[in-house]
Amino acid sequence: MPLILHHLPPIHWFVAGAGIALITLALLFIANRRLGISTGLEDVCSYVLPVPYFTRDAVVSARQWRLPFIAGLVIGGFVSAVLGGGWAPTWDLGIFDQVIGYGPAGKVAWMFVGGLFIGFGTRLAGGCTSGHGIFGMSNFELPSVISTISFMASGILTTQLLYRVIFHLGS
Amino acid sequence: MALLYLVLGVIFGLILSRSGAADYNYIQAMFLFTNFQLYGIIGTAVAITAPGIWLIKRYGRTVFGRAIKIELKPQHRGNIAGGVLFGIGWSICGMCPGPIFVNVGEGKVYAIAALAGALAGAGLFGAIYTRIQTTFRLPRLVVGTGDG
């Protein structure tokens, strides 16, 4: 299956997994940082929302590393597009276009609602795929195992419901 | 150090972009059990990170000689409730937080809406934290100046 991005072939899962592991370990070994991206959402919020949750130590003290790291993610995506065939704004959304088929306005609404779940959910759970799924699981932390099982199960249920029950994906 | 974090972020972004981890179709295929790619990525990442963390903790220091002290995430009812909500969002958007940023960089316009939603959701959580604290048995906030 090609990627949506320029229909490029994906790199092998082992290479990707090993690369993610090396980044995670580099952050810990070089700077004593635990990988975690959703907390970066708080870092951004902390600049505009002066409520205690965003002004607490754990947020303010980590802005200096998490914000450059997140900026790197955006640049990484940009470089990937440039090297893979050129950067251009796109609305392509793969099977969403084939099966659900909403236009730009529908996609914006769809994504905003999904984003709300992501933002609120990851904060309530205390982490996302990176902080709980990769770092926490690798460090055998029980809250991370519980969270990872919860978001994997609910992701599976939601997609199965969306693509096998509500909108019909051809087999 | 900011430059180091930026570089690590760029490499991480490139991997997410080219592996399928930031690709709507691959996320849905993972949840539909029609493709192994994402399970392979997460499984490999954990299989290598776990012994790596163990070794680093055993060594006890960073390359610069600072003590390794991993801040543990608290356990509470929000782990399950938040996990379930996040899973719904991950499925709807086909992106988890890291890939949202990567997709914005790739030029996928709708990812900006996902980012706006995620920031609004996180903002909402922060704003009502003290009101839902007891319900989910969330930890008390430590507010003040940190040591970084």
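One line per chain: the protein sequences are A and B, in this order. Using this note's numbering, the first residue of the first sequence is number -8, and each one after it goes up by one. Using this note's numbering, the first residue of the second sequence is number 7, and each one after it goes up by one. Positions of the beta carbon are idealized from the N, C-alpha and C atoms, including for glycine. These numbers come from a predicted model, not from an experiment.
Integer-rounded CB distance, given that residue j should sit under 8 Å from residue i
| i | j | result |
| --- | --- | --- |
| G146(A) | S97(B) | 5 Å |
| I109(A) | F18(B) | About 18 Å separates the two Cβ atoms, so there is no contact after all. |
| A53(A) | L14(B) | 15 Å between Cβ atoms; not a contact. |
| A126(B) | L148(A) | With a Cβ gap of about 24 Å, A126(B) and L148(A) do not count as contacting. |
| F45(A) | G132(B) | 5 Å |
| C99(B) | G105(A) | 4 Å |
| W78(A) | G113(B) | 5 Å |
| I54(B) | A9(A) | 6 Å |
Own chain partners of residue i with C-beta closer than 8 Å, once the 5 adjacent residues on each side are dropped
| i | result |
| --- | --- |
| G75(A) | L(-4), H(-3), L(-1) |
| L84(A) | I(-5), K98 |
| P80(B) | L144, P145 |
| Y135(B) | L144, L147 |
| G49(B) | none |
| Q36(B) | First, the amino acid is wrong: residue 36(B) is Met here, not Gln. Correct list, in chain order: Q43, L44, Y45. |
| A73(B) | G66, R67 |
| K63(B) | I74, I76 |
| I118(B) | V110 |
| N31(B) | G100 |
| L178(B) | Past the edges of chain B, shown from 7 to 154, lies residue 178(B), and the structure says nothing about it. |
For residue j and residue i, the rounded distance between their alpha carbons
| i | j | result |
| --- | --- | --- |
| W101(A) | F107(B) | 17 Å |
| L40(A) | Y154(A) | 37 Å |
| W82(A) | A7(A) | 25 Å |
| T68(B) | A49(A) | 20 Å |
| M7(B) | N41(B) | 38 Å |
| V65(A) | H3(A) | 22 Å |
| Q139(B) | L147(B) | 10 Å |
| V16(B) | G68(A) | 8 Å |
| V51(A) | E77(B) | 15 Å |
| F158(A) | V90(A) | 7 Å |
| P80(A) | V156(A) | 32 Å |
| T113(A) | M143(A) | 13 Å |
| A22(A) | F111(A) | 28 Å |
| F39(B) | E33(A) | 32 Å |
| G152(B) | R47(A) | Residue confidence for G152(B) is low, a pLDDT of 42 falling below 50, so the modelled location carries little weight; the figure read from the coordinates is stated next. When rounded, the distance between both Cα atoms is 8 Å. |
| A56(B) | Y116(B) | 35 Å |
| G31(A) | D88(A) | 30 Å |
| L9(B) | Q151(A) | 41 Å |
| G111(B) | L20(B) | 10 Å |
| G129(B) | S141(A) | 22 Å |
Exposed unless 16 or more other CB atoms sit within 10 angstroms - verdict on residue i
| i | result |
| --- | --- |
| M101(B) | buried |
| Y38(A) | exposed |
| Q34(B) | buried |
| T141(B) | exposed |
| V90(B) | buried |
| H123(A) | buried |
| P43(A) | exposed |
| P59(A) | buried |
| A72(A) | buried |
| A51(B) | buried |
| L19(A) | buried |
| G92(A) | exposed |
| G94(A) | exposed |
| G71(B) | exposed |
Sequence-distant residues of its chain with Cβ nearer than 7 Å to residue i (five each side left out)
| i | result |
| --- | --- |
| A124(B) | P103, I106 |
| I125(A) | I11, T15, L26 |
| P(-7)(A) | L(-1), P0 |
| A96(A) | none |
| M128(A) | S135, V136, T139 |
| W56(A) | A22, R24 |
| G154(B) | The pLDDT assigned to G154(B) is 38, lower than 50, so where the model puts this residue is not dependable; a value taken from the coordinates is nonetheless given after this. So the list is empty, once near-sequence residues are dropped. |
Own chain partners of residue i with C-beta closer than 6 Å, once the 5 adjacent residues on each side are dropped
| i | result |
| --- | --- |
| A28(B) | L22, P105, V108, N109 |
| Y11(B) | none |
| I61(A) | G31 |
Any C-beta of chain E under 7 Å from that of residue i
| i | result |
| --- | --- |
| Q139(B) | The question asks about chain E, but that chain is absent: this structure's protein chains are A and B. |
Examine the Cβ distances between the segment 26 to 34 of chain A and the segment 105 to 122 of chain A and report whether three or more of them are shorter than 8 Å.
A contact exists between the segment 26 to 34 of chain A and the segment 105 to 122 of chain A.
Is there contact here, the segment 77 to 93 of chain B with the segment 122 to 135 of chain A, by at least three beta-carbon pairs under 8 Å?
A contact exists between the segment 77 to 93 of chain B and the segment 122 to 135 of chain A.
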